[in-house]
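S.K.: Residue numbers (the numbering used here): 10 to 241.
For reference, the structure I am asking about is given below.
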Amino acid sequence: MTGKEDLFTPVHKGLRAMLYDLSSRLQTNDFADRDATAKLAIDLENDFAAAQSAGCILCAFAFHAEEEEAVVFPSSARAAQSLVSELIQDHHGLTRRETEIGRSMHELVQQPSSEARIAAGIRVNQLVNELIVAYLAHMNREETELVPVMREHFSDGEQAAMRGAIIAKFPREQLFALLGWMLPALNVSELSDLLGSLKGAAPPPLLKAVSDLCGSRVEPARWAEVRLRVGI
């Protein structure tokens, strides 16, 4: 069995885009400005239930890891138990980092002076840089080691069902916030495959919603090529 599905790379592209943007925002943020810093803190929440923003960055990462463990890892562990165990341990380490960043950012916002916030901001930057290094290495390993295992042991239909199960559990508002990062991060072929699969299987309102999001977020020339290929 040799499938072509890839449950990881497309969503990882979106997560990488989020990480790169977060790094840029943090290193250019004026931590002396309490209001600007408070806005950034909202996106560094790591719990959907507490988050005030559909685009909260750390909670998207937390949800992604939870659903990998709930939907993908139990089946793939039968073929690669040691690898999956190590990836789960990675998740635990990443969760600890995310929790520390969220806590540190909340404490930072409460600092009474601009000097204290600037000093705490330096530490948050360091924590996020360390998270980015660890997360990039983790995602690369899933793509280079787990994707081939999944293609060998699961059909495209089985993997598509796993993706559907994850999407069904994702809160709609947060799903489209993540898609807003993922869609413009895909190349023409990846985006065409995604829209083509939706065109064949998704309800028309969902296809329209994703197409509208592409129209607003994807570079116009790339989106025009995708529309031509897919026929939408």
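Ideal Cβ placement from N, Cα and C applies to all residues, glycine included.
Over the uninterrupted alpha helix (DSSP H) stretch that includes residue 231, give me the two end residues.
M.R.: 229-239
S.K.: So residue 80 is in the alpha helix (DSSP H); what residue range does that whole segment cover?
M.R.: Here residue 80 belongs to no alpha helix (DSSP H), and DSSP marks it neither H nor E.
S.K.: Rounded to the nearest angstrom, what separates residue 65 and residue 80 at their Cα positions?
M.R.: 22 angstroms
S.K.: Got a sec? Which residues, its chain only, sit under 8 angstroms from residue 39 by beta carbon, not counting five neighbours each side?
M.R.: Within its own chain, the residues whose Cβ lies closer than 8 angstroms to the Cβ of residue 39, once the five positions on either side in sequence are excluded, are 45 and 46, listed in chain order.
S.K.: State the start and end residues of the unbroken alpha helix (DSSP H) segment that holds residue 13.
M.R.: Counting along the chain, residue 13 falls outside any alpha helix (DSSP H), and DSSP gives it neither H nor E.
S.K.: Would you decide whether residue 130 is buried or exposed? Buried here means 16 or more other CB atoms lie within 10 Å of its CB.
M.R.: Buried, because 16 or more other Cβ atoms sit within 10 Å of the Cβ of residue 130.
S.K.: Quick one: which unbroken alpha helix (DSSP H) runs of 4-plus residues sit fully inside the stretch 128-175? Chain order, please.
M.R.: 156-162
S.K.: Do residue 19 and residue 152 have their C-beta atoms within less than 8 angstroms of each other?
M.R.: no
S.K.: Which term fits residue 210, buried or exposed, when burial requires 16 or more other beta carbons within 10 angstroms of its beta carbon?
M.R.: exposed
S.K.: Just checking, does the stretch 127-142 make contact with the stretch 27-36 on the three C-beta pairs under 8 angstroms criterion?
M.R.: yes
S.K.: Just to confirm before moving on: does the CB-CB distance between residue 78 and residue 97 stay below 8 angstroms?
M.R.: yes
S.K.: Going by Cα to Cα distance, which pick from 118, 239, 224 and 147 is closest to residue 104?
M.R.: When only C-alpha atoms are compared, the closest one is 147.
S.K.: From which residue to which residue does the alpha helix (DSSP H) around residue 214 run?
M.R.: 213-226
S.K.: Just to confirm before moving on: does the CB-CB distance between residue 234 and residue 197 stay below 8 angstroms?
M.R.: yes
S.K.: How about residue 175 and residue 107: do their beta carbons lie closer than 8 angstroms?
M.R.: No. Outside cutoff.
S.K.: Considering only residues of the same chain and omitting the five flanking positions on each side of residue 28, which have a CB-CB separation below 7 angstroms?
M.R.: Closer than 7 angstroms at Cβ, skipping near neighbours: 141 and 144.
S.K.: Go to residue 199, then tell me how far its alpha helix (DSSP H) extends in each direction, as first and last residue.
M.R.: Here the alpha helix (DSSP H) through residue 199 covers 197-210.
S.K.: Whole angstroms are fine: how far does the CA of residue 160 sit from the CA of residue 7?
M.R.: Residue 7 lies beyond the stretch modelled for the chain, which goes from 10 to 241, so this question has no answer here.
S.K.: Less than 7 angstroms between C-beta atoms, sequence neighbours within five positions excluded: which residues of the same chain meet that for residue 133?
M.R.: 35, 110, 113, 114 and 117
S.K.: Of the residues 192, 84 and 83, which one's Cα is nearest the Cα of residue 222?
M.R.: Closest by alpha carbon: 192.
S.K.: Using the C-alpha atoms, what's the distance from residue 95 back to residue 102?
M.R.: 11 angstroms
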